[in-house]
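Take a look at the structure below.
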Amino acid sequence: MFLKNCWYVAAWDHELLDGKMLPRTILEEAVLLYKSESGKVVALRDRCCHRGVPLHLGRREGDCVRCMYHGLKFDSSGKCIQIPGQDKVPEKFGVKSYPVVEKDHLVWIWMGDPDQADPALIVDFPYLRDPQWKGIPDYMHYDANWLLIVDNLSDFAHLAFVHTKTLGGSEEYAYVTKPVAVERLNDGFRVERWHMNAAPPPFHRKVLPAAEKDQPVDRRNIGRMFVPGIFFLESMFSPAGSGSEQGKREGSREYRNCQFMTPETRSTTHFFWTYLNNYEGEDHNISRSLHQSLIEGFLEDKHLIEAQQKVLDADPSFELQAVVADAALSHFRRTLAAQIAKEQSEQAATPVPIAVRKPHQVGLGA
Amino acid sequence: MFLKNCWYVAAWDHELLDGKMLPRTILEEAVLLYKSESGKVVALRDRCCHRGVPLHLGRREGDCVRCMYHGLKFDSSGKCIQIPGQDKVPEKFGVKSYPVVEKDHLVWIWMGDPDQADPALIVDFPYLRDPQWKGIPDYMHYDANWLLIVDNLSDFAHLAFVHTKTLGGSEEYAYVTKPVAVERLNDGFRVERWHMNAAPPPFHRKVLPAAEKDQPVDRRNIGRMFVPGIFFLESMFSPAGSGSEQGKREGSREYRNCQFMTPETRSTTHFFWTYLNNYEGEDHNISRSLHQSLIEGFLEDKHLIEAQQKVLDADPSFELQAVVADAALSHFRRTLAAQIAKEQSEQAATPVPIAVRKPHQVGLGA
Amino acid sequence: MFLKNCWYVAAWDHELLDGKMLPRTILEEAVLLYKSESGKVVALRDRCCHRGVPLHLGRREGDCVRCMYHGLKFDSSGKCIQIPGQDKVPEKFGVKSYPVVEKDHLVWIWMGDPDQADPALIVDFPYLRDPQWKGIPDYMHYDANWLLIVDNLSDFAHLAFVHTKTLGGSEEYAYVTKPVAVERLNDGFRVERWHMNAAPPPFHRKVLPAAEKDQPVDRRNIGRMFVPGIFFLESMFSPAGSGSEQGKREGSREYRNCQFMTPETRSTTHFFWTYLNNYEGEDHNISRSLHQSLIEGFLEDKHLIEAQQKVLDADPSFELQAVVADAALSHFRRTLAAQIAKEQSEQAATPVPIAVRKPHQVGLGA
Ligand code: FES
Ligand code: FES
Ligand code: FES
Numbered sequence: 001m002f003l004k005n006c007w008y009v010a011a012w013d014h015e016l017l018d019g020k021m022l023p024r025t026i027l028e029e030a031v032l033l034y035k036s037e038s039g040k041v042v043a044l045r046d047r048c049c050h051r052g053v054p055l056h057l058g059r060r061e062g063d064c065v066r067c068m069y070h071g072l073k074f075d076s077s078g079k080c081i082q083i084p085g086q087d088k089v090p091e092k093f094g095v096k097s098y099p100v101v102e103k104d105h106l107v108w109i110w111m112g113d114p115d116q117a118d119p120a121l122i123v124d125f126p127y128l129r130d131p132q133w134k135g136i137p138d139y140m141h142y143d144a145n146w147l148l149i150v151d152n153l154s155d156f157a158h159l160a161f162v163h164t165k166t167l168g169g170s171e172e173y174a175y176v177t178k179p180v181a182v183e184r185l186n187d188g189f190r191v192e193r194w195h196m197n198a199a200p201p202p203f204h205r206k207v208l209p210a211a212e213k214d215q216p217v218d219r220r221n222i223g224r225m226f227v228p229g230i231f232f233l234e235s236m237f238s239p240a241g242s243g244s245e246q247g248k249r250e251g252s253r254e255y256r257n258c259q260f261m262t263p264e265t266r267s268t269t270h271f272f273w274t275y276l277n278n279y280e281g282e283d284h285n286i287s288r289s290l291h292q293s294l295i296e297g298f299l300e301d302k303h304l305i306e307a308q309q310k311v312l313d314a315d316p317s318f319e320l321q322a323v324v325a326d327a328a329l330s331h332f333r334r335t336l337a338a339q340i341a342k343e344q345s346e347q348a349a350t351p352v353p354i355a356v357r358k359p360h361q362v363g364l365g366a
Numbered sequence: 001m002f003l004k005n006c007w008y009v010a011a012w013d014h015e016l017l018d019g020k021m022l023p024r025t026i027l028e029e030a031v032l033l034y035k036s037e038s039g040k041v042v043a044l045r046d047r048c049c050h051r052g053v054p055l056h057l058g059r060r061e062g063d064c065v066r067c068m069y070h071g072l073k074f075d076s077s078g079k080c081i082q083i084p085g086q087d088k089v090p091e092k093f094g095v096k097s098y099p100v101v102e103k104d105h106l107v108w109i110w111m112g113d114p115d116q117a118d119p120a121l122i123v124d125f126p127y128l129r130d131p132q133w134k135g136i137p138d139y140m141h142y143d144a145n146w147l148l149i150v151d152n153l154s155d156f157a158h159l160a161f162v163h164t165k166t167l168g169g170s171e172e173y174a175y176v177t178k179p180v181a182v183e184r185l186n187d188g189f190r191v192e193r194w195h196m197n198a199a200p201p202p203f204h205r206k207v208l209p210a211a212e213k214d215q216p217v218d219r220r221n222i223g224r225m226f227v228p229g230i231f232f233l234e235s236m237f238s239p240a241g242s243g244s245e246q247g248k249r250e251g252s253r254e255y256r257n258c259q260f261m262t263p264e265t266r267s268t269t270h271f272f273w274t275y276l277n278n279y280e281g282e283d284h285n286i287s288r289s290l291h292q293s294l295i296e297g298f299l300e301d302k303h304l305i306e307a308q309q310k311v312l313d314a315d316p317s318f319e320l321q322a323v324v325a326d327a328a329l330s331h332f333r334r335t336l337a338a339q340i341a342k343e344q345s346e347q348a349a350t351p352v353p354i355a356v357r358k359p360h361q362v363g364l365g366a
Numbered sequence: 001m002f003l004k005n006c007w008y009v010a011a012w013d014h015e016l017l018d019g020k021m022l023p024r025t026i027l028e029e030a031v032l033l034y035k036s037e038s039g040k041v042v043a044l045r046d047r048c049c050h051r052g053v054p055l056h057l058g059r060r061e062g063d064c065v066r067c068m069y070h071g072l073k074f075d076s077s078g079k080c081i082q083i084p085g086q087d088k089v090p091e092k093f094g095v096k097s098y099p100v101v102e103k104d105h106l107v108w109i110w111m112g113d114p115d116q117a118d119p120a121l122i123v124d125f126p127y128l129r130d131p132q133w134k135g136i137p138d139y140m141h142y143d144a145n146w147l148l149i150v151d152n153l154s155d156f157a158h159l160a161f162v163h164t165k166t167l168g169g170s171e172e173y174a175y176v177t178k179p180v181a182v183e184r185l186n187d188g189f190r191v192e193r194w195h196m197n198a199a200p201p202p203f204h205r206k207v208l209p210a211a212e213k214d215q216p217v218d219r220r221n222i223g224r225m226f227v228p229g230i231f232f233l234e235s236m237f238s239p240a241g242s243g244s245e246q247g248k249r250e251g252s253r254e255y256r257n258c259q260f261m262t263p264e265t266r267s268t269t270h271f272f273w274t275y276l277n278n279y280e281g282e283d284h285n286i287s288r289s290l291h292q293s294l295i296e297g298f299l300e301d302k303h304l305i306e307a308q309q310k311v312l313d314a315d316p317s318f319e320l321q322a323v324v325a326d327a328a329l330s331h332f333r334r335t336l337a338a339q340i341a342k343e344q345s346e347q348a349a350t351p352v353p354i355a356v357r358k359p360h361q362v363g364l365g366a
C-alpha cells in the first residue's frame, strides 16, 4: 500500500527546536522524532518495547530517551541500555530506529530496509538553500490519502475552477490553455503549461507594484512530480508579449514551490510546503502575502479533496472515469503501483518469525 | 435491506428555494437535489463521475450543474455535456439521475429502477393541498432505523407512557382503551382507537377556548401506515357523549397528521411531518402552538427510540418478545420483508458487469 | 475474555441514594441498578424484553420498575408482572436479574451463573467498616482494559518515574529498593517493598505536622492483588531507623488503600477506590488532602495507561518484552487466564438454544 524504501519528509527542522519530543505517525507507524544533545535528529519507534507506552511521553536524556513508566532507557540507535531494578539488559531489548537525514531545513526519514537508505536518493530542491529565494515553510494536515493530493497537483486545469479567485485567476485558463507537454518519467512526470496575455492571478497581483497590477502577463508553470509524492513547481510571470517563451527573461518574476506529501495513514497526510520568490529582497511582506494566499488556495483544495476522500470511502466499488487531462495522474499511479509491487515481491521472499503469546501478554488484544 | 422500487419523500419544496443545492443521503446513496432554472426539481447522484467530488460543492448553471474541481458539466438528466480542455465528451460519461415528482409541497424520489417509477403510485394525502387545513411543515433527523419510528406509530398505547404530559394525556389511555380494529392490508395497516369521556390531552387543551378546556372529550384516532414508512393520522375530539362514534360531528375539532420516514442509512432517518387543523381560520397561533407541542412530543419519542437503536446495535442476537399490541407492527414488518425479498429476487436475475481496475484508480480504496 | 463467576464491584452505595436509577455497563452488559422501596439493591438487565428500550429511562414503582415506552412492569427479580392492554403476562416475559450484595458501602454484583453466587466469596477489606480508618470513597472512569490498571499496580517501581512528584518521591525508589518478596498465590499475588531512610513522598509530606516534614522515613508497602482485579495496599511510614522492619510501630503513620477494577468493556474500566488513614481523628482535612493527592497521582497513571491502550489497539501483533519486575504481573495474567479457560470449558458443555427470527424482529440488525 505504501512504498517503504524511499525517503519521506518527516518534519521541518524548526519543529524540533528546543528539545521537542515530536510524535508523528508515518506510513501508519508511530514515530518519535527529537534532536539529540549532540545535534543529530533521532527517529525511534514511539512505543516502549516493555509495555508499549509511547516514548514521546518520556524524557530525553542527552542523546537518549527514557520511558517514564518503568524507566527503561534507550540510546539513539533504539538499543535499551538500562532497566531500573535489573542488572542486565537482555541483548534483544530495544525499539526500532529509522535512518534520518537533515538537509536544507527538512528532516527526511526512511521507513523501509535501513540498508538501502542512501542519502544520495533524496530529491534535491536547491532553492531551499539558496539565500536569494525567500519564503515561509509551513505544514498542513489532510484528512485524505496522499495520492488525492498528488492527483490535484497533476493537472493545472483545476486552478481554473477551484482557485478562480486565489491562485488561478480565470476559468479561461482551463479552456484556452493546454499542457505543452506531459513527460512520463521513470520516477514521476513533468508538465509544462503556458497561459499567454492574461490578467495576473490574484495571489500574484497582490504583491505587484501598483504600476504592474493591471498589465497582462504571460504565465508559465512547470510542474515536476516525484515518487512517492514530492512536487516542485516553477512559475514565471513575464510581461505579455515579452518573448519569455523564447527564453527572454526581462521583467519576469519567478516562484519556486515545493510540496511534500507524506502519508500519515492510508487516509490522512502530512503536507509540507513552502513558496519561494526571488525578488522580495528585504521586503518580507511579499513572502507573508504569498504565504497567506497559498494557505487560502490550499484550503480550497483541502475542502474538495477531503470531501472526495469521504465519497471514495463510502463506496470502494465506485468506478472513476478518466478524462484526457488525467494522463499525468494515471502515469504516476501506474509507476508507483509498479514500484510497490516490486518492493512487496522482494519482501515476500523474507521468512516471518512465528509469534508466541507469553504470560505477560495474556489478555491483551481483548 | 431497503425497498427501492417505491417513492420516498426527499424534501419539502421550501428546502429548495433560491437555487439551494441540497445534498441528502437517501437509502445510503448521496443525492444532490436542486430546482433547475426551468423550475423542475432535479435529483442527481452527488458524486462527479470523474474523480468523485460531491456535485453539491459545484455550481448550478441554468438547468445544469458544474463540478467545481475540473469543471465537468452535467445536464439535468445526469449526462456529461462538457469537459474543459477536451473536445469530445465520451458517450458513457455522466452521473445517475433519479425520477422526481413535486406534489403538494413534497419532493418525491424513486431510488430503484426508473422504468417502474409511476407517479400514480405516490400515496395521496389530499389535506396537504386543501387550503382549509393549516399547519407548519417540518423536518427532524433521527439516529435510528426508520422501522423503529414506524414501530412507534404502530401502537397508540405508547401515548400513555411516553407522552403523558404532551400528546397523550393520561396513562389510563393504555388501560381503558383498545384498538377497535387493526386492519392488516397489502400495503400496510389501519388502526382505529377510541377513548371516551376523558380530559383533553395537553397539546389539544392548549389551543382550546377557555370554555372548552375543562370539558371532557371523546377522542378518536385513526392511523394508516403505508409501505415503506408513511403514516397518516386522523384525529377527532368531540364533546363527551355527543355521539361522534355514531357519526355525529357537531362540536368536533379535527386534525390531520402526516409523517414520512425516509431512510438516510440503515441507522438514521429523515423524518418529514406536518400537523394540520381545520378550524384555526386566520388564527395562525393555533398552528404554531400545535407545531411546538408536536416537536415536544416527537423529542420524547426520539429520546427513547435513539436509545433503543443503541441497545439493538449493541447485541444483534437480542430476542425481542412480542406483546398483543404488536399485531400491526408485526404485520407491517412481514409485509415489507416480503416486498423487499421479491424485489431482490427479481434483481438477482440481472447480471452484474465485472469491474476492471484502471490506472487512474490505482491506490484508491487503500 | 472476562471471568464471569466472581464478584465485581458495581457501585459505591452512595451512588444509589434517593431512588437513583443508575445505568452501568459491566462486562459489556448494560445493567440497571437501583435501591428498591424495601431497601434492597436490585440489578436488572437494562433492556426491556419487549422492544429493547433501556429500563433506566423508565420509572421505579415500589420495588419494581416500569418501562416507559409501552408500560411493561418488572419486579425486582426481573419477572414481567404487567403488560398494559393485555390481560395475561406470558410466563417467559422478563429480564435477567443479577445477584447483588451490599457490604461495607460497596455494591457487589455477580455476572455469571447465579447459582454459584456465594456471598462468602466476596473479598473482605475490614478497614472499610472500621470507624478508626477515615477516607473519601471515589470513582474514576478509564479508557483502558482493566488489566492494564492491574499491571500498573503490580510493580511499585513505577512510583519512581510516573509519580516522582506526587506519590513516589524520588527516582531512587526504583534503583535502591527491590521487592522483599513476590508471593505467587492461587488468587493473585502479594508484594512487599521497603524503602529505608528517605524523604517522605510529597502526598505524605503534605499532611505531616511541620516538625516531621523534613524527617527521613522508612517506608513499607505491602500490595495484595486478587482475581479478577482487586487491590489492597497497606502502607506504613516510620521514623527512619526506628526499627519498624522488626515490628516496632512507634511513631508510624499508616494507610490502607483499596482499588476495585471492574471491566465496563474490554477497553474501558470502572475504577473504585478509597485511601484510608488511621490517624486523622477529627481533622478531616487530612482525608481531603490525601484524596486530592491520590487523584493527582491516578491521573498520572491514567494518562500513560490510556495512551498505552491506544498503542496496543493499533497493533495487536506487537510483542511485549518482559522485565524482571513483571513477575507478579505475569503470574496474575497466567492465573486469570487459567480461571477463564476453566469457566469457558464448563460453559461450553451447556447446549445453546437456536434463535428463530420472528416477524416483529424483521428489519432489526440491518
Ligand atoms: S512501558 Fe516503558 S518502561 Fe515499562
Ligand atoms: S472530480 Fe468533478 S470534474 Fe474532476
Ligand atoms: S419497549 Fe419496554 S414496554 Fe415496549
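Residue numbers (this note's numbering), protein chains in the order written: chain A, 1 to 366; chain B, 1 to 366; chain C, 1 to 366.
Backbone N, C-alpha and C fix where the C-beta goes; we use that ideal spot for every residue, glycine too.
* Closer than 7 Å: R51/C CB and nearest ligand 3 heavy atom -> yes
* is_contact[K49/B, chain A] using C-beta, thresh 8 Å -> Position check: residue 49/B holds Cys in this sequence, whereas Lys was assumed. With 8 Å as the cut-off, C49/B counts as an interface residue toward chain A.
* **8 Å Cβ cutoff, H195/C in contact with chain A** => no
* **Any non-hydrogen atom of ligand 1 within 7 Å of Y69/A CB** => yes
* To do: Take every Cβ of the stretch 72-90 of chain B, pair it with every Cβ of the stretch 299-318 of chain B, and state whether three or more of those distances are shorter than 8 Å.
  => no
* Asked: Using a Cβ cut-off of 7 Å, which residues of the stretch 66-97 of chain C contact any Cβ in chain A, in chain order?
  -> none
* CB-CB length for I305/C against Y173/C, believed under 8 Å -> Incorrect: roughly 20 Å between the Cβ atoms, too far for contact.
* Starting from the Cα of P202/A, find the closest Cα among V180/A, R193/A, E234/A, G168/A and give me that residue. => G168/A
* **L72/B CB to nearest heavy atom of ligand 2 below 7 Å** => yes
* Asked: What's the C-alpha gap between E212/B and A199/B?
  -> 10 Å
* Could you tell me which of N197/C, V53/C, N277/C, V227/C sits nearest to S238/C, measuring between CA atoms? => N197/C
* Nonlocal neighbours in the same chain, by C-beta distance under 7 Å from H360/A, ignoring five residues either side -> Excluding residues up to 5 positions away in sequence, nothing lies with its Cβ nearer than 7 Å to the Cβ of H360/A in the same chain.
* Asked: Between L22/C and the rest of its own chain, which residues show a CB-CB distance below 8 Å, the 5 nearest in sequence each way excluded?
  -> A11, E15, L16, L32, L33, Y34, H56
* Asked: Around the Cβ of N285/B, are there at least 16 other Cβ atoms within 10 angstroms (buried) or fewer (exposed)?
  -> exposed
* To do: Give me whichever residues DSSP pairs with I26/B in a beta bridge.
  => E29/B
* In this structure, what does DSSP give as the bridge partners for F260/C? -> I230/C, F272/C
* Asked: Taking Cβ positions only, does S330/C come closer than 8 Å to chain A?
  -> yes
* Asked: Just to check, is the beta-carbon of C48/A closer than 7 Å to a non-hydrogen atom of ligand 1?
  -> yes
* Check whether the Cβ of G363/A lies closer than 8 Å to any Cβ atom in chain C. => yes
* May I have the straight-line CA-CA distance separating Y175/A from D155/A, to the nearest angstrom? => If you take the alpha carbons of Y175/A and D155/A, they lie about 13 Å apart.
* Can you list the residues of chain B that L57/C reaches, using a CB-CB cut of under 8 Å? -> Going along chain B in sequence order, the residues near L57/C (Cβ under 8 Å) are H303, L304, A307.
* Asked: Is the beta carbon of L294/A sitting closer than 8 Å to the one on Y275/A?
  -> yes
* Closer than 8 Å to chain C by CB, K358/A -> yes
* Contact check, S244/A vs S252/A under 8 Å by CB: the rounded distance? -> 6 Å
* Asked: So which residues of chain B does D326/A contact, with C-beta pairs closer than 7 Å?
  -> Residues of chain B passing the Cβ test: H360.
* Asked: Who are the near neighbours of D151/B in its chain, counting only those whose CB is closer than 7 Å to its CB and skipping five residues on each side?
  -> L329
* Out of curiosity, what's the CA-to-CA distance linking K96/B and H270/B? -> Going by the C-alpha atoms only, they are around 22 Å apart.
* Asked: Say the cut is 7 Å; is the CB of W110/C nearer than that to a heavy atom of ligand 4?
  -> Questions concerning ligand 4 fall outside what the structure shown contains, since the ligands it does hold are ligand 1, ligand 2 and ligand 3.
* Which of the three DSSP states, helix, strand or coil, is assigned to E183/B? -> strand
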